[in-house]
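Per this note's numbering, the sequence shown starts with residue 1, numbered consecutively. Ideal placement from N, C-alpha and C gives every residue a C-beta, glycine not left out. Presented below is the structure to which this report refers.
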Amino acid sequence: MYFLLKIVSYLLQLIPRKVALFFGRQLGSFIYYFIPFRKSIATKNLEIAFPDWDCNKKKQTLHACYRHFGMVFIDFFRLPKIFDTIDKSIVSINENSLRLFKQNFGGIMLSAHFGNWEFLGPTLGVNNINLVGVTQIQHNNGSNLFFNELRSSKNVKMLPVNCGSKVMIKVIKEGKYLGLISDQSAGERGTKAIFFNKEVSLPKGAGIFHLKTNTPILLGFCILSDDFRYNLSFHELDVNGLSEDRGLAIQQINQRYSNLLEEKVRIYPQQYFWFHRKWAKNIYNGLSHTF
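Next up, the structure:
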């Protein structure tokens, strides 16, 4: 699997990006119509998030979502070419965001499965920001190795999600940023928050690491614009007025994160990864995990 993925990545880097993205959009449409990966789950999520939308608008948004992530998939495999040349015509980050990272000695970089989260690390890395991303472990060893290699770049390293909190805290105390993608359901291990007027469970990590290290949480997203350029921006999550109770403080942090994520998703609904079971499991009873 490793060598197959390497070959696919190499071949996609040979194709002009405009052509590659066209292929990505067609791939997304093909999957939408013929291999509807988690389509029933995504449809249910859109029904929850946008109950006032008619059926046609939900279908259009979901089709656009498949096409968007078709392009994201292509750009992910083309990562080495894009960031070897530091092509600012493709991806850019504003100066205020860079200043936030450079004025602090370590912290938490927080984002979501939204836009193109895979470009967050490389963009920070080429701007001399030290980042260690926390990643899920792939079932296939070859694909796990490939994805971790692709995500690792100048100043950017990866840690498996099961490495332990002590290792993650050590990263922050060394003056680096710990990268977390924290919008997937955490089940009973998470804290409750409201997302699109319905309760979700979010991982505790960002809140715990902030409270233990007293370092900032920098929240940011990588949005694909109509001209196919990515724009990254970050701001410091407001942690003023948190409860003195540790558990409640973590819950408040997650709610503030959830509120800001929802604001962005309402603007770019087609760029959110609607394919996860975001809300309580019983909501998805009877729906296929695959289609």
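Using the C-alpha atoms, what's the distance from residue j back to residue i?
i       : j       : result
Leu-11  : Asn-197 : 44 Å
Phe-22  : Leu-224 : 14 Å
Glu-199 : Glu-263 : 16 Å
Phe-76  : Ser-152 : 12 Å
Gly-28  : Gly-179 : 28 Å
Ile-267 : Asn-240 : 26 Å
Ser-258 : Ile-194 : 7 Å
Lys-57  : Thr-43  : 11 Å
Gln-136 : Pro-160 : 6 Å
Ser-297 : Asn-148 : Absent from the model: residue 297. The displayed extent of the chain is 1 to 291, so no value can be given.
Ile-181 : His-113 : 7 Å
Please determine, among the options, the residue with the shortest C-alpha to C-alpha distance to residue i.
i       : options                               : result
Val-134 : Glu-236, Val-200, Ser-165 and Lys-59  : Ser-165
Lys-281 : Leu-62, Pro-269, Lys-6 and Ala-186    : Ala-186
Asn-45  : Trp-279, Ser-288 and Asn-130          : Trp-279
Leu-100 : Phe-234, Pro-122, Ile-283 and Trp-274 : Phe-234
Pro-269 : Pro-36, Arg-67 and Lys-6              : Arg-67
Gly-294 : Phe-105, Ser-40 and Glu-244           : With the chain covering 1 to 291 only, the question about residue 294 has no answer from this structure.
Asn-162 : Tyr-177, Gln-138, Met-109 and Arg-229 : Gln-138
Leu-150 : Leu-237, Val-265, Gly-24 and Ile-82   : Ile-82
Thr-215 : Arg-25, Ile-7, Lys-59 and Met-109     : Met-109
Over what stretch of residues does the beta strand (DSSP E) that includes residue i continue unbroken?
i       : result
Met-109 : 107 to 111
Phe-234 : 230 to 236
Leu-98  : From DSSP, Leu-98 is part of no beta strand (DSSP E) but of the alpha helix (DSSP H) over 95 to 102.
Lys-157 : 156 to 160
Leu-224 : 217 to 224
According to DSSP, what are the bridge partners of residue i?
i       : result
Thr-191 : Leu-202
Val-134 : Leu-159
Leu-180 : Leu-110
Val-91  : Tyr-230
Consult DSSP for residue i and reduce its assignment to one of helix, strand or coil.
i       : result
Phe-77  : helix
Ser-29  : helix
Gly-115 : strand
Phe-83  : helix
Pro-122 : helix
Phe-23  : helix
Phe-34  : helix
Gly-207 : helix
Ser-185 : coil
Could you pull the start and end residues of the alpha helix (DSSP H) that residue i belongs to?
i       : result
Phe-146 : 141 to 151
Phe-273 : First-last for Phe-273: undefined, no H or E at that position.
Val-171 : 165 to 173
Ala-49  : 39 to 49
Ser-288 : Note, Ser-288: premise wrong, no alpha helix (DSSP H); not H, not E.
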